[in-house]
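Trainee: Shown below is the structure under consideration.
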Amino acid sequence: MALVKAGVVVLDCAEPEKLAEFYVGLLDAEETDSTANRVEIRGADGTRLAFRRDVNATPPSWPRPENALQAHLDFLVDDLDEVERRIVGLGGRPLETKGASGPHEERGYADPAGHSFTLRLEPSTAPKQG
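In this note's numbering, the protein residues as written are 1121 to 1250.
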């Protein structure tokens, strides 16, 4: 029996209820636990996130160097444009990444509390043609 079970990624924010609502909408998730200072959700695929109240939380400033990245989430998607529309509709925003290195199959965003995350196209499992 494992001594340590898989954990939960916890993001600090001023308003955990509002941030949980954003991620519930993005991940087709459901709230699994809630206290006065913490909300936990589980996505349709089992992804677990929690949001902890910190009235002094300072949003990361990525990609600017001041107030470093702090935490970063990656989500695999099939359609970048469709998911971007959902993110913006839920109150998130695209991050300016002009000149960023890396593949064009990924895009950076910030949730309503300023935490950055990346959408990446899920690699195709179809056999190569030719």
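Note that beta-carbon positions come from the ideal geometry of N, C-alpha and C, so glycine has one too.
Taking C-beta to C-beta, are arginine 1162 and phenylalanine 1171 nearer than 8 Å?
Mentor: Indexing the sequence shown from 1 puts residue 1162 at position 42. Indexing the sequence shown from 1 puts residue 1171 at position 51. Against a cut-off of 8 Å, the Cβ pair of phenylalanine 1171 and arginine 1162 comes out as no contact.
Trainee: DSSP three-state label for aspartate 1148, please.
Mentor: As a first step, residue 1148 is located in the sequence shown; it is residue number 28 there, counting from the start. Coil.
Trainee: Just to confirm the assignment, what range does the alpha helix (DSSP H) spanning leucine 1200 have?
Mentor: Translated into positions along the sequence shown, residue 1200 becomes position 80. Bounds of the alpha helix (DSSP H) holding leucine 1200 are 1200-1209.
Trainee: Can you list, in chain order, the residues of its chain whose CB lies under 8 Å from that of tyrosine 1129, leaving out five sequence neighbours each side?
Mentor: Residue mapping note: residue 1129 aligns to position 9 of the sequence shown, counting from 1. According to the sequence as given, residue 1129 is valine; it is not tyrosine. Arg1168, Leu1169, Ala1170, Ala1191 and Leu1193, listed in sequence order.
Trainee: If distances are taken between C-alpha atoms only, which option among Asp1231, Asn1176 and Pro1180 comes closest to valine 1208?
Mentor: What you label residue 1208 is simply residue 88 of the sequence shown in a count that begins at 1. Valine 1208 has its Cα closest to that of Asp1231, out of Asp1231, Asn1176 and Pro1180.
Trainee: Quick one: what does DSSP say glutamate 1141 is sitting in, helix, strand or coil?
Mentor: Stepping through the sequence shown from its first residue, residue 1141 is reached at position 21. Glutamate 1141: helix per DSSP, three-state reduction.
Trainee: Looking at the secondary structure, which residues open and close the beta strand (DSSP E) in which glycine 1228 lies?
Mentor: Looking up residue 1228 in the sequence shown gives position 108. 1226-1230 is the span of the beta strand (DSSP E), which, as asked, contains glycine 1228.
Trainee: For alanine 1170, write down the residues that DSSP places opposite it in a beta bridge.
Mentor: Walking along the sequence shown from the start, residue 1170 turns up at place 50. Answer is Val1130 and Glu1160, bridged to alanine 1170.
Trainee: If you follow the beta strand (DSSP E) that aspartate 1194 is in, where does it begin and where does it stop?
Mentor: Walking along the sequence shown from the start, residue 1194 turns up at place 74. 1193-1197 is the span of the beta strand (DSSP E), which, as asked, contains aspartate 1194.
Trainee: Going by DSSP, what residue range makes up the beta strand (DSSP E) through threonine 1238?
Mentor: Stepping through the sequence shown from its first residue, residue 1238 is reached at position 118. Unbroken beta strand (DSSP E) run through threonine 1238: 1236-1241.
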